[in-house]
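S.K.: In order, the protein sequences belong to chains A, B, C and D.
Residue numbers for the first sequence follow my numbering, so the first one is 89 and each next one is one higher.
Residue numbers for the second sequence follow my numbering, so the first one is 89 and each next one is one higher.
Residue numbers for the third sequence follow my numbering, so the first one is 89 and each next one is one higher.
Residue numbers for the fourth sequence follow my numbering, so the first one is 89 and each next one is one higher.
Protein chains: 4
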Amino acid sequence: MPGEPDQWHTTRVRVRYCECDPMNVAHHSSYVAWFELARTELMRNRGTSYADLERAGVLLMVTHMDVRYRSPAAYDDVLEIHTRLDHMGKARLRHRYEVRVVESGGEAVGGRLTAEATIELACCGRDGRPRPLPGELRAARGV
Amino acid sequence: MPGEPDQWHTTRVRVRYCECDPMNVAHHSSYVAWFELARTELMRNRGTSYADLERAGVLLMVTHMDVRYRSPAAYDDVLEIHTRLDHMGKARLRHRYEVRVVESGGEAVGGRLTAEATIELACCGRDGRPRPLPGELRAARGV
Amino acid sequence: MPGEPDQWHTTRVRVRYCECDPMNVAHHSSYVAWFELARTELMRNRGTSYADLERAGVLLMVTHMDVRYRSPAAYDDVLEIHTRLDHMGKARLRHRYEVRVVESGGEAVGGRLTAEATIELACCGRDGRPRPLPGELRAARGV
Amino acid sequence: MPGEPDQWHTTRVRVRYCECDPMNVAHHSSYVAWFELARTELMRNRGTSYADLERAGVLLMVTHMDVRYRSPAAYDDVLEIHTRLDHMGKARLRHRYEVRVVESGGEAVGGRLTAEATIELACCGRDGRPRPLPGELRAARGV
């Protein structure tokens, strides 16, 4: 239903060694890759493959990214990335993300918040020009 | 002088191949590495080595990152990252960044804006606890 | 049994967007992260957590890496990384890796080889000095 | 002159924070990006832009990479990457690389070897099919 917020989708990742820095925690740029992964998994879950979109010449480019880091995540921690569509315009999408630590040091932990973010995407063609979101995305409300 | 904004410092990077994605432009996470590089070069220019700070047990962790992507940067483009200290609190720093394309396809170009950002850092110790910024940073006003 | 080759262990990864380059395939450096991931999963499967080893001051550093790239992997492909211990010395380990594409464009594919590698690790302490492999690793023969 | 080894070309990089790992040294995958950077700078020095080659539909894909890590490099170290063309076939190139630390902790150091490598590239078209190296590369002997 239009106007209703989309439901959260959850993706799990384990923090890779190469994603950590000398502070012994996940580097803040690693989250950017996880957010990207999480929104493509959300799309897949709603029936759209971002890989297919790109093959069809539809690109989604990040235009705005706002990330708040709440607490560190360590190497080998298991994270849940909760993602939901926050806004869909004619040629724009905005998602909300929450990243929570669910396993640390081999033990289950209670879902401590490590970061939260809002990221906006603009739809454009291979020529870089803006274009409307494809119908399948608008139908699914699920990018 | 307290309250006066710090001057801009400029760092150059050339976009690496591995920093680009299938859209044939610099991936949005690559900018995060450039911002980090730019603020450490700003610090170095003001007389403080971030590497020395870490060796002394003083860590600067990113707590908030807001990035607006204005236009794409291509592989092999030369970028200027303009950075200035925007705010310095007792245990926090905030920088402003502008990234401009100054060479593209082997030709000088006029400094098209590719991204701008505001990033906040919190000062903490090895134990992850907040601590005041070291005196040398506060004296230099230059992180 | 000493001298007997260790069995293959299989880890799955899906190629992330940020792991691909303007050729529209996984960048060759992305495999290096996957090999690292695969050997830590092999270790975990054999009962040893690399994270625990590091907390105990035991580091495994890469000393030699030989990778042959056989065919490209695309964004969103699902890969299987087959890993086995190839040699274990007093303070050294060597693993073999084969990376195969098992899903591409949303369809199962027959396991086309995309890369194979041999990587050697040296065991050392926090001071960077060589040290014998810990007993648990030698017992498990499973790093 | 045919058969004569090409001269060494030197590129400098400073180790970025995000290129280091919890061992507090440059992660072994970071070198892979530096080798790529170094060979494109060698090409540029010999008069060929790899960016231009790609725009003309000529791709150079890594087919074999052999890296020996000799000693660690730390965050903020300045490295020299010495690169030379080792072999040029009809559709293949092979380069040699040596990476040396020339500045560490803000002090000049004597060029300690941190890694050396041999990397082979195959020339192919946008379709992934092998194709002969372009004349300009063969003329320059400088890729």
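Built from N, CA and C at the ideal position, the CB exists for glycine as well.
(1) Please report the straight-line C-alpha distance between residue 201 of chain A and residue 187 of chain A, rounded to a whole angstrom.
(2) Alpha carbon to alpha carbon, what distance is there between residue 225 of chain D and residue 136 of chain D?
(3) With a threshold of 16 other CB atoms inside 10 Å of the CB of residue 218 of chain D, please say whether the residue is buried or exposed.
(4) If you drop the 5 nearest sequence neighbours on each side, which residues of the same chain put their C-beta closer than 6 Å to that of residue 172 of chain D?
(5) Tell me which residues share the same chain as residue 212 of chain B and place their Cβ nearer than 7 Å to its Cβ, disregarding the 5 neighbours each side in the sequence.
(6) Note down, in chain order, each residue of its chain lying with its Cβ closer than 6 Å to the Cβ of residue 191 of chain D, except the 5 sequence neighbours on either side.
(7) Within 10 angstroms of the Cβ of residue 118 of chain D, are there 16 or more other Cβ atoms? Answer buried if so, exposed if not.
(8) Assign residue 154 of chain B to one of three DSSP states: helix, strand, or coil.
(9) Could you tell me the alpha carbon to alpha carbon distance between residue 205 of chain C and residue 154 of chain C, rounded to whole angstroms?
(10) By the 10 Å Cβ neighbour count, where 16 or more other Cβ atoms means buried, how is residue 175 of chain D classified, buried or exposed?
(11) Quick one: what does DSSP say residue 136 of chain A is sitting in, helix, strand or coil?
(12) Who are residue 144 of chain C's beta bridge partners in DSSP?
(13) List, in chain order, every chain A residue whose beta-carbon is nearer than 7 Å to that of residue 154 of chain B.
(14) Three-state secondary structure (DSSP) at residue 111 of chain B?
(15) By alpha-carbon positions, which one of D:160, D:170, D:98 and D:210 ends up nearest to residue 179 of chain D?
(16) State buried or exposed for residue 113 of chain C, treating a residue as buried only when at least 16 other CB atoms are found within 10 Å of its CB.
(17) Please report whether the beta-carbon of residue 121 of chain D lies at a distance below 8 Å from any beta-carbon of chain B.
(18) When the cut-off is 8 Å and only beta carbons count, does residue 106 of chain A lie next to chain C?
(19) Could you tell me which chain A residues have their CB closer than 8 Å to the CB of residue 185 of chain C, listed as they occur along the chain?
(20) Between residue 134 of chain D and residue 228 of chain D, what straight-line distance do the alpha-carbon atoms span, to the nearest angstrom?
(21) Is the beta carbon of residue 125 of chain C closer than 8 Å to that of residue 103 of chain C?
(22) With distances taken Cα to Cα, identify the nearest neighbour of residue 216 of chain A among B:144, B:121 and B:159.
(23) If the cut is a Cβ gap below 7 Å, which residues of chain D does residue 194 of chain B touch?
(24) Residue 214 of chain A to residue 111 of chain B, Cα distance in whole Å?
(25) Can you look up residue 101 of chain A in the DSSP assignment and give me helix, strand or coil?
(26) Which residues of the stretch 153 to 175 of chain C have a Cβ closer than 7 Å to any Cβ of chain B? Give them in chain order.
(27) Pull up the CB-CB distance for residue 163 of chain A and residue 139 of chain C, whole angstroms please, since I reckon it's below 8 Å.
(28) Any Cβ of chain A within less than 8 Å of the Cβ of residue 181 of chain B?
(29) Which residue comes first and which comes last in the alpha helix (DSSP H) that contains residue 227 of chain D?
(30) If I'm right that residue 120 of chain D touches residue 120 of chain C with Cβ under 8 Å, what's the distance once you round it to whole angstroms?
(31) Looking at C-alpha atoms only, which residue of A:221, A:131 and A:116 is the closest neighbour of residue 177 of chain A?
(32) Please state whether DSSP places residue 163 of chain C in a helix, a strand or coil.
(33) Taking the alpha carbon of residue 131 of chain B as the point to measure from, which residue in B:197, B:99, B:199 and B:168 has its own alpha carbon closest?
(34) Taking Cβ positions only, does residue 228 of chain C come closer than 8 Å to chain A?
(35) Just curious, the beta strand (DSSP E) that residue 199 of chain A is in, first and last residue?
(36) Whole angstroms is fine: what's the gap from residue 122 of chain A's alpha carbon to residue 169 of chain A's?
M.R.: Per the coordinate set shown:
(1) Here residue 201 of chain A refers to the residue found at position 113 of the first sequence. Here residue 187 of chain A refers to the residue found at position 99 of the first sequence. Cα-Cα distance, rounded: 6 Å.
(2) Taking the fourth sequence and counting its residues from 1, the one referred to as residue 136 of chain D is at position 48. Taking the fourth sequence and counting its residues from 1, the one referred to as residue 225 of chain D is at position 137. Cα-Cα distance, rounded: 7 Å.
(3) The count along the fourth sequence starts at 1 and reaches residue 218 of chain D at position 130. Exposed: under 16 other Cβ atoms inside 10 Å.
(4) Mapped onto the fourth sequence, residue 172 of chain D falls at position 84. Within the same chain, Cβ atoms closer than 6 Å to the Cβ of residue 172 of chain D are found at 94, 96 and 184, the five residues on either side in sequence being excluded.
(5) As a working note, residue 212 of chain B is residue 124 in the second sequence. Cβ within range, chain order: 147, 149, 218 and 219.
(6) The sequence position of residue 191 of chain D within the fourth sequence is 103, counting from 1. If we look at residue 191 of chain D and ignore the five residues flanking it on each side, its Cβ neighbours are 166.
(7) The residue given as residue 118 of chain D occupies position 30 in the fourth sequence. Under this definition residue 118 of chain D is a buried residue.
(8) Mapped onto the second sequence, residue 154 of chain B falls at position 66. Strand at residue 154 of chain B.
(9) What you label residue 205 of chain C is simply residue 117 of the third sequence in a count that begins at 1. What you label residue 154 of chain C is simply residue 66 of the third sequence in a count that begins at 1. Inter-residue distance for residue 205 of chain C and residue 154 of chain C is about 5 Å (C-alpha atoms, whole angstroms).
(10) Within the fourth sequence, residue 175 of chain D is the residue found at index 87, counting from 1. Classified as exposed, residue 175 of chain D has fewer than 16 neighbouring CB atoms from the shown chains inside 10 Å of its CB.
(11) Translated into the one-based positions of the first sequence, residue 136 of chain A becomes position 48. When DSSP states are grouped into helix, strand and coil, residue 136 of chain A belongs to the coil group.
(12) Residue 144 of chain C sits at position 56 when you count from the first residue of the third sequence. According to DSSP, residue 144 of chain C bridges with nothing at all.
(13) Numbered from 1 along the second sequence, position 66 holds the residue referred to as residue 154 of chain B. Here the neighbours are 154.
(14) Indexing the second sequence from 1 puts residue 111 of chain B at position 23. DSSP places residue 111 of chain B in coil when its eight states are reduced to three.
(15) Here the question's residue 179 of chain D lines up with position 91 in the fourth sequence. Taking only the C-alpha atoms, the option nearest residue 179 of chain D is D:210.
(16) In the third sequence, residue 113 of chain C corresponds to position 25, counting from 1. So residue 113 of chain C ends up on the buried side.
(17) For the purposes of this step, residue 121 of chain D is identified with residue 33 of the fourth sequence, where counting begins at 1. At least one chain B Cβ lies under 8 Å of residue 121 of chain D.
(18) In the first sequence, counting from the first residue as 1, residue 106 of chain A sits at position 18. The beta-carbon of residue 106 of chain A is placed less than 8 Å from the nearest beta-carbon of chain C.
(19) Taking the first residue of the third sequence as position 1, residue 185 of chain C is located at position 97. The premise fails here: residue 185 of chain C is roughly 15 Å from chain A at the closest Cβ pair, so nothing lies under 8 Å.
(20) If you number the fourth sequence from 1, residue 134 of chain D lands on position 46. If you number the fourth sequence from 1, residue 228 of chain D lands on position 140. Take the alpha-carbon of residue 134 of chain D and the one of residue 228 of chain D: they are about 6 Å apart.
(21) Within the third sequence, the letter at position 15 stands for residue 103 of chain C. Within the third sequence, the letter at position 37 stands for residue 125 of chain C. It is not a contact, given that the beta carbons lie outside the stated cut-off.
(22) One-based indexing of the first sequence puts residue 216 of chain A at position 128. If we check each option's Cα against that of residue 216 of chain A, B:159 comes out closest.
(23) Numbered from 1 along the second sequence, position 106 holds the residue referred to as residue 194 of chain B. Those are 137, listed as they occur along chain D.
(24) Within the first sequence, the letter at position 126 stands for residue 214 of chain A. Within the second sequence, the letter at position 23 stands for residue 111 of chain B. Cα to Cα, the separation comes out at about 8 Å.
(25) Translated into positions along the first sequence, residue 101 of chain A becomes position 13. Residue 101 of chain A: strand per DSSP, three-state reduction.
(26) Along the stretch 153 to 175 of chain C, the positions whose C-beta sits under 7 Å from a C-beta of chain B are 163, read in chain order.
(27) To locate residue 163 of chain A, count along the first sequence from 1; it is residue 75. To locate residue 139 of chain C, count along the third sequence from 1; it is residue 51. About 6 Å; that satisfies the 8 Å criterion.
(28) For the purposes of this step, residue 181 of chain B is identified with residue 93 of the second sequence, where counting begins at 1. By this cut-off, residue 181 of chain B is not an interface position.
(29) Counted from its first residue, the fourth sequence places residue 227 of chain D at position 139. For residue 227 of chain D, the enclosing alpha helix (DSSP H) begins and ends at 223 to 228.
(30) Within the fourth sequence, the letter at position 32 stands for residue 120 of chain D. Within the third sequence, the letter at position 32 stands for residue 120 of chain C. Taking C-beta atoms under 8 Å as the contact rule, residue 120 of chain D and residue 120 of chain C qualify, at a distance of about 6 Å.
(31) Numbered from 1 along the first sequence, position 89 holds the residue referred to as residue 177 of chain A. Ranking the options by Cα distance to residue 177 of chain A, first place goes to A:221.
(32) Residue numbering aside, residue 163 of chain C sits at position 75 when the third sequence is read from its first letter. Coil.
(33) Your numbering for residue 131 of chain B matches position 43 in the second sequence. The alpha carbon of residue 131 of chain B has as its nearest neighbour, out of B:197, B:99, B:199 and B:168, the alpha carbon of B:99.
(34) Counting from 1 along the third sequence, the entry for residue 228 of chain C is found at position 140. Residue 228 of chain C does not count as touching chain A.
(35) The count along the first sequence starts at 1 and reaches residue 199 of chain A at position 111. Start and end: 195 to 212.
(36) Counting from one through the first sequence, the residue named residue 122 of chain A turns up at place 34. Counting from one through the first sequence, the residue named residue 169 of chain A turns up at place 81. Each residue's alpha carbon lies about 8 Å from the other.
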